Amino acid sequence: MELYFLGEDFSVIEGPIDEFTSIVWSERYNERGTFTLHFPRFLIGRVTGASYVRSSPSENGGRIFCGRIEYLTTVDSGDCEMGGHLLECLLDDRLMIGVGSYSGTVSEVALAAVSDNIRNDGSVSIQISENNAQIGERVTVGYSWDSLSDWLYSLLTPYGASYRIELDPDTMKPLFSIVTGRDLTSEAVTDDQPAIFSSSFGNIISLEMEKNSEGKKNIVYIEGSDGTVVTLDRSGGDHKREICKKVSDISPEDFETAEDYEAALLVRAAEVLSKSGDAVYVSAECDSDALPRYGVDYFLGDICDVVDDELCLSFGMRLTAVDTVCEGGVKMIYPSFGDEVRYIRQILKKQ
């Protein structure tokens, strides 16, 4: 893998460089990803003026990993360590100005909020993709000086969706898009090959599983600022596990009608339940040459088959995290599946 170091306007100021010790690109579906780069000290003078670092577009199926540099330090091994967040962090810099609400489909609301609040400032010019996932449920969602990034994750997560910002390989500028994963399980796929991860298939080296039902809830009561209560029941006849949340940031005076106000409370209810289910988490280790290939056959957010005969494990699970590790000329992929991503172990603790 070759790396390029970029200025504030994403133009190349140094590179290609392949003399690094290791790099880990840690992508996350419903939160901002990170990167960690180790390189020899003799390179520090060439890269200290950079604002971003990216991979070559000739790798990873044409996708470009790119992160904002947020720290640079020397480490005990004698190398330097550089790290920061992937480009979704650009929306951390934008607040949703004032107090108000958006109404429409989920996708319409998300795109309107981004269009109104990205406020391109010349050096960082975020473009909005014409190819966005369409989520047709209609919602009314309020805002009050929220972080644009956090607000978007709260809006999209209950619908199995998220957002992505990547460098467009044609313009080399940040490109925003709404994404939803494809269902690549063997039950859903007919024309293409399903994405199956199994030790019996030989495409995973190791697999770990966690399950936690401690915080599971299936009925939520949401109380707005005026005492109005709406109920969202997803128990489906199972044993009822109830939770009540009071929300002070959703008020009737922010909406034109009572129906819009209650619709906003239901959106918040869906958000609460999305974080209150069974937490099943599976992490695996894959050779980068094994099929299916990440970035070509499957992507972050896709639903894949995860099978392990020894653990009696057979799930269709969403890919919620991927660590791509390049070290010593070897590239490994660490996919993680599950409804809730915990902090993943630090992969490189060798130095």
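Add 1 to the 1-based position in the sequence shown for my numbering, that's all there is to it. The C-beta atom is built at its ideal place from N, Cα and C for all residues, glycine as well. Just so it is clear, the structure is predicted and the values come from calculations on it, not from any experiment.
query = Considering only residues of the same chain and omitting the five flanking positions on each side of residue 271, which have a CB-CB separation below 6 Å?
reply = Translated into positions along the sequence shown, residue 271 becomes position 270. Contacts found: 159.
task = Compute the beta-carbon to beta-carbon distance between residue 104 and residue 141, rounded to the nearest angstrom, for a pair I have assumed lies under 8 Å.
result = To locate residue 104, count along the sequence shown from 1; it is residue 103. To locate residue 141, count along the sequence shown from 1; it is residue 140. That pair is a contact at about 4 Å.
inquiry  = Please tell me whether residue 89 and residue 164 are closer than 9 Å, where the distance is taken between their beta carbons.
reply    = In the sequence shown, residue 89 corresponds to position 88, counting from 1. In the sequence shown, residue 164 corresponds to position 163, counting from 1. For residue 89 and residue 164, yes; Cβs fall inside 9 Å.
ask   = Hey, how far is the Cα of residue 109 from the Cα of residue 70?
value = Position 108 of the sequence shown holds residue 109. Position 69 of the sequence shown holds residue 70. The alpha-carbon atoms of residue 109 and residue 70 are separated by roughly 32 Å.
Boundaries of the alpha helix (DSSP H) in which residue 317 is found, first to last residue = Locating residue 317 in the sequence shown gives position 316, counting from the first residue. Per DSSP, residue 317 belongs to no alpha helix (DSSP H); it is in the beta strand (DSSP E), 314-328.
ask   = What is the residue span of the alpha helix (DSSP H) that residue 108 lies within?
value = Taking the sequence shown and counting its residues from 1, the one referred to as residue 108 is at position 107. Taken as a continuous stretch (DSSP letters only), the alpha helix (DSSP H) holding residue 108 covers 107-118.
message = By the DSSP assignment, the alpha helix (DSSP H) with residue 269 in it spans what residues?
response = To locate residue 269, count along the sequence shown from 1; it is residue 268. Element bounds for residue 269: 259-275.
key: 8 Å contact criterion, which residue 168 and residue 67 should meet: CB distance rounded   = Counting from one through the sequence shown, the residue named residue 168 turns up at place 167. Counting from one through the sequence shown, the residue named residue 67 turns up at place 66. Between residue 67 and residue 168 the Cβ distance is about 5 Å, and since that is below 8 Å, they are a contact.
inquiry  = Which complete alpha helix (DSSP H) runs does the region 18-97 hold, if anything under 4 residues is left out?
reply    = 45-48
task = State the DSSP-derived secondary structure class of residue 336, mapped to helix, strand or coil.
result = Here residue 336 corresponds to residue number 335 of the sequence shown, with the count starting at 1. Residue 336: strand per DSSP, three-state reduction.
Residue 352, DSSP secondary structure in three states = The residue you call residue 352 lines up with position 351 of the sequence shown. Note that residue 352 has pLDDT 31, beneath the 50 cutoff, so the model's placement of it is unreliable and no number is given.
inquiry  = Between which residues of its own chain and residue 243 is the CB-CB distance below 6 Å, once the five residues before and five after are set aside?
reply    = Within the sequence shown, the letter at position 242 stands for residue 243. Cβ neighbours of residue 243 beyond the five flanking positions: 220.
Rounded straight-line distance, which links the Cα of residue 102 to that of residue 308 = Along the sequence shown, read from residue 1 onward, the residue named residue 308 stands at position 307. Along the sequence shown, read from residue 1 onward, the residue named residue 102 stands at position 101. Approximately 43 Å between the Cα atoms of the pair.
Residue(s) in a DSSP beta bridge with residue 181 = Locating residue 181 in the sequence shown gives position 180, counting from the first residue. Note: residue 181 sits in a beta bridge opposite 162.
request  = Work out the CA separation of residue 84 and residue 45 for me, nearest whole Å.
outcome  = Locating residue 45 in the sequence shown gives position 44, counting from the first residue. Locating residue 84 in the sequence shown gives position 83, counting from the first residue. Taking the straight line from one Cα to the other gives about 14 Å.
message = So if DSSP puts residue 309 in a beta bridge, which residue, or which two residues, is it bridged to?
response = As a position in the sequence shown, residue 309 is number 308, starting the count at 1. In the DSSP output, where bridge partners are listed per residue, residue 309 has 314.
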